[in-house]
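In my numbering, the protein residues as written are 172 to 458.
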Amino acid sequence: AAQIARQLQAEIRDALGLPCSLGVASNKLVAKIANNVGKAEGKLANNGAAPPNAIMVVPPGQEAAFLDPLPCDELWGVGPKTAERLHKLGMNTIGDIARWSAADLAFRFGKHGEALAQHARGLDQRAVETEHEAKSISQETTFTQDVRDEAQLRQTLQELSQGVSRALKRQKLAGVTIKLKIRWPDFTTPTRQITLAHPVDDIAPIYETALILFERIWPPNQPVRLLGVGVSGFEQQARQLTLWDVAEEMESEARKSEKEQRLEAALQNLRARFGEKAVLRASDVAQ
Numbered sequence: 172a173a174q175i176a177r178q179l180q181a182e183i184r185d186a187l188g189l190p191c192s193l194g195v196a197s198n199k200l201v202a203k204i205a206n207n208v209g210k211a212e213g214k215l216a217n218n219g220a221a222p223p224n225a226i227m228v229v230p231p232g233q234e235a236a237f238l239d240p241l242p243c244d245e246l247w248g249v250g251p252k253t254a255e256r257l258h259k260l261g262m263n264t265i266g267d268i269a270r271w272s273a274a275d276l277a278f279r280f281g282k283h284g285e286a287l288a289q290h291a292r293g294l295d296q297r298a299v300e301t302e303h304e305a306k307s308i309s310q311e312t313t314f315t316q317d318v319r320d321e322a323q324l325r326q327t328l329q330e331l332s333q334g335v336s337r338a339l340k341r342q343k344l345a346g347v348t349i350k351l352k353i354r355w356p357d358f359t360t361p362t363r364q365i366t367l368a369h370p371v372d373d374i375a376p377i378y379e380t381a382l383i384l385f386e387r388i389w390p391p392n393q394p395v396r397l398l399g400v401g402v403s404g405f406e407q408q409a410r411q412l413t414l415w416d417v418a419e420e421m422e423s424e425a426r427k428s429e430k431e432q433r434l435e436a437a438l439q440n441l442r443a444r445f446g447e448k449a450v451l452r453a454s455d456v457a458q
């Protein structure tokens, strides 16, 4: 667990240039408290001279022992008023709360007392939710060395736009807002975005818009540490269309040949089976 936490710290540091502290435990409640404790101990260790960048791991089965000596207001849901009531009842630490029966706590604090009894023993049944409806889809890359070559930067923008387009199509999404993220060697990270009139999911409008933003923000020969492209402002592709939408889409489909659609579908299938770079268009390698 500690090794995974250190790896995550390193990835955040490399991608964002930021320190972070992590708490690791068998549930969200104890992990959050462990994070708070780790940060506090880290600040004491370096006299607040630098961010703590701490990792605190609570092994499974040790939750109650870890919580026992901590002040009761470290517990989630214990604010100033609840803490004052607990102190008056002789409960100053989380361990003190745990030594009260769940029935007594429920009698004095109602439903909140039942939660106190569970939490003070290090119990938390809430599931860890790892997937949410996407609000944006983006891809970015951090260069191993700063890049100032315009052709390479444009090629990277094209590859990122292609990756975003494929992700949108996999999820049957289209978005109206195109965002460019760029990072300089000093970790300054400006962003720019444009909102289009209609949602898009194809690489061409994504790349063309990202390129417009890039040309606005990038001074020639300025070294670049990171590039990112994102799309947000989603509409499901199966949205209900107005008559004007239908007319526009019919015109658009007429312009886009059936051959091109079959080619794109075949390319997507091959890439899904054999990898992103298995098949490239000539335009992908022209630069």
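From the three backbone atoms N, C-alpha and C, an ideal C-beta is built for every residue, glycine too.
Contact annotation, Gly399 with Glu311: C-beta distance approximately 3 angstroms; criterion of less than 8 angstroms satisfied. Per DSSP, the unbroken beta strand (DSSP E) holding Asp317 starts and ends at Ser307 to Val318. Just measuring C-alpha positions, the residue of Met227, Leu441, Ala298 and Thr264 sitting nearest Ala172 is Met227. Under the DSSP assignment, Gln323 falls in the alpha helix (DSSP H) whose first and last residues are Glu321 to Arg341. The C-beta distance from Lys210 to Pro223 rounds to 5 angstroms, short enough to meet the 8 angstroms contact threshold. DSSP places Gly284 inside the alpha helix (DSSP H), whose first and last residues are Lys282 to Ala291.
With fewer than 16 other Cβ atoms inside 10 Å of its own Cβ, Ala368 counts as exposed. In the displayed model, Arg270 falls within coil according to three-state DSSP, outside both helix and strand.
A check of alpha carbon separations from Gln233 across Ser197, Phe385 and Glu212 identifies Ser197 as the nearest. Here the C-alpha atom of Ile268 lies approximately 19 angstroms from the C-alpha atom of Val208. Here Lys352 is buried: its Cβ has 16 or more other Cβ atoms, across all protein chains shown, within 10 Å.
DSSP lists no bridge partner for Gly188. Non-local beta-carbon contacts of Gly248 in its own chain, meaning distances under 8 angstroms to residues more than five positions away in sequence, involve His283, Ala286, Leu287 and His290 in chain order. In chain order, Ser336 place their CB closer than 8 angstroms to the CB of Asp373, counting only its own chain and leaving out the 5 sequence neighbours on each side. Taking a cut-off of 8 angstroms for Cβ pairs, the region 379-392 and the region 344-360 touch, as three or more such pairs fall below it. According to the DSSP assignment, Val201 belongs to the alpha helix (DSSP H) that extends over Lys199 to Ala216. Spatial neighbours of Arg292 in its own chain (CB-CB distance under 7 angstroms, excluding positions within 5 residues in sequence) are listed in chain order as Ala235 and Ala269.
When rounded, the separation of the alpha-carbon atoms in Ala375 and Thr360 is 25 angstroms.
Residue range Ile374 to Ile388 is occupied by the alpha helix (DSSP H) that includes Arg387.
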